[in-house]
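Data block below; observations after.
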Amino acid sequence: MKANKPSLILFFTALLCTIIFDCTQQDFYALYAKTIVLPAIFIYFLISSEFKINKIQSLVFLFCFVGQVFDLMDVEVSEIGGVVSFLIVYILILKLIIVDNEKIKLRRKDILPVSIIVIFIVYLLVSVLSLQSDNMKKFNVLYTLYGIVLSILSYFAFVNYITKGTHITLLMSLMAISYIFSDIFYIFNEYFSYSIVLVLIRDVTQILAYFFMVKYFLEKAKIRKKALHNN
Numbered sequence: 126m127k128a129n130k131p132s133l134i135l136f137f138t139a140l141l142c143t144i145i146f147d148c149t150q151q152d153f154y155a156l157y158a159k160t161i162v163l164p165a166i167f168i169y170f171l172i173s174s175e176f177k178i179n180k181i182q183s184l185v186f187l188f189c190f191v192g193q194v195f196d197l198m199d200v201e202v203s204e205i206g207g208v209v210s211f212l213i214v215y216i217l218i219l220k221l222i223i224v225d226n227e228k229i230k231l232r233r234k235d236i237l238p239v240s241i242i243v244i245f246i247v248y249l250l251v252s253v254l255s256l257q258s259d260n261m262k263k264f265n266v267l268y269t270l271y272g273i274v275l276s277i278l279s280y281f282a283f284v285n286y287i288t289k290g291t292h293i294t295l296l297m298s299l300m301a302i303s304y305i306f307s308d309i310f311y312i313f314n315e316y317f318s319y320s321i322v323l324v325l326i327r328d329v330t331q332i333l334a335y336f337f338m339v340k341y342f343l344e345k346a347k348i349r350k351k352a353l354h355n356n
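Add 125 to the 1-based position in the sequence shown for this note's numbering, that's all there is to it.
So, in structure tokens, the structure goes:
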């Protein structure tokens with residue numbers, strides 16, 4: 126068994142436990158199952174990358190952890206603390222995507238799908254922000270900024286996939302989709318009455334977002350290593 130396999134098995138075991146506990150409405154156990162997810166995927170990343178991690182990646186994991194701690198604490202400032210933490214995460218990932226990728230060159234055949242993507246993202250942003258709960262309305266500017274940053278991140282991820290169609294751009298898109306659905310269903314859970322389905326989708330997509338994020342980091346490192354070797 127490879128050295129990184131146990132941590133990956135632990136990650137998916139925590140995902141399975143989260144699903145089971147969500148479906149049986151055991152919120153306490155579901156919450157603590159989720160706390161295993163991030164350490165497990167972080168260990169998987171460290172071992173897979175041969176313990177090579179840059180400053181931005183370190184900050185991404187740090188603020189993901191801080192966001193989860195706020196969720197676990199469940200105090201008055203937890204919601205805002207979580208939003209600020211993941212806003213920083215999205216800004217850092219967006220920086221990685223923009224800096225480490227070539228300039229997007231749109232071809233004529235790309236204009237239609239890119240236009241659809243832009244319309245879809247704008248529609249989601251406006252629709253979801255209109256469903257804010259009373260607590261969210263008190264921090265309307267913060268949530269709007271959060272939505273705009275996630276929309277820009279998603280735009281670059283999807284357009285990169287449309288124009289390049291590589292494995293790494295697919296991982297970027299899957300990561301963005303997971304974060305989008307996680308945040309949308311988080312708001313749905315705040316706005317609508319309790320639903321197991323809404324909670325389940327929120328938790329599963331959040332956990333899968335971590336997985337695709339780590340896979341993106343590893344694929345990016347692999348591409349960089351190959352480029353250095355060819356030079």
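In this text, a Cβ means the ideal position worked out from N, Cα and C, and glycines have one as well.
By alpha-carbon distance to ILE242, the top candidate from SER276, HIS354, TYR169 is SER276.
The residue among THR291, SER318, ALA334, THR288 with its C-alpha nearest the C-alpha of ASP308 is ALA334. Proximity of the region 203-213 to the region 164-179 falls short of the contact definition, fewer than three beta-carbon pairs being nearer than 8 Å. The region 322-340 makes contact with the region 135-147: 3 or more CB pairs, one atom from each, lie closer than 8 Å. By a beta-carbon distance limit of 8 Å, LEU231 does not contact VAL224. Their separation comes to about 20 Å.
Spatial neighbours of ASP152 in its own chain (CB-CB distance under 7 Å, excluding positions within 5 residues in sequence) are not present.
The beta carbon of ALA158 is closer than 7 Å to those of ALA139, CYS142, THR143, PHE146 in its chain, skipping five residues each way along the sequence. Counting along the chain, the unbroken alpha helix (DSSP H) around PHE313 starts and ends at 292-316. In the three-state reduction of the DSSP assignment, ILE229 falls in the coil class. Assignment of alpha helix (DSSP H) within the region 171-245, counting only whole runs of 4 or more residues, yields 180-198, 203-224 in chain order.
With fewer than 16 other Cβ atoms from the protein chains shown falling within 10 Å of its own Cβ, ASN179 counts as exposed. The DSSP-derived three-state label of TYR319 is coil. For a cut-off of 8 Å, the C-beta gap from TYR268 to LEU254 is around 7 Å, short enough to register as a contact. With 16 or more other CB atoms across the displayed protein chains lying within 10 angstroms of its CB, TYR271 is buried. Taking the CA atoms as reference points, GLN193 sits about 7 Å from THR160. With 16 or more neighbouring CB atoms inside 10 Å of its own CB, ASN285 falls in the buried class.
Around the beta carbon of VAL185, 16 or more other beta carbons sit within 10 angstroms, so the residue counts as buried. One alpha carbon belongs to LEU197, the other to LEU156, and they sit about 7 Å apart. Contact between ASP235 and THR294 is ruled out by a C-beta separation of about 13 Å, above the 8 Å threshold. Taken through DSSP and simplified to helix, strand or coil, GLN331 comes out as helix. Contact between PHE336 and PHE136 holds, with the beta-carbon distance rounding to 7 Å and staying under 8 Å.
If you draw a straight line from the Cα of ILE332 to the Cα of TYR311, it is about 13 Å long. Per DSSP, the continuous alpha helix (DSSP H) segment holding LEU278 begins and ends at 265-289. Taking C-beta atoms as the reference points, LEU219 and LEU278 count as a pair closer than 8 Å.
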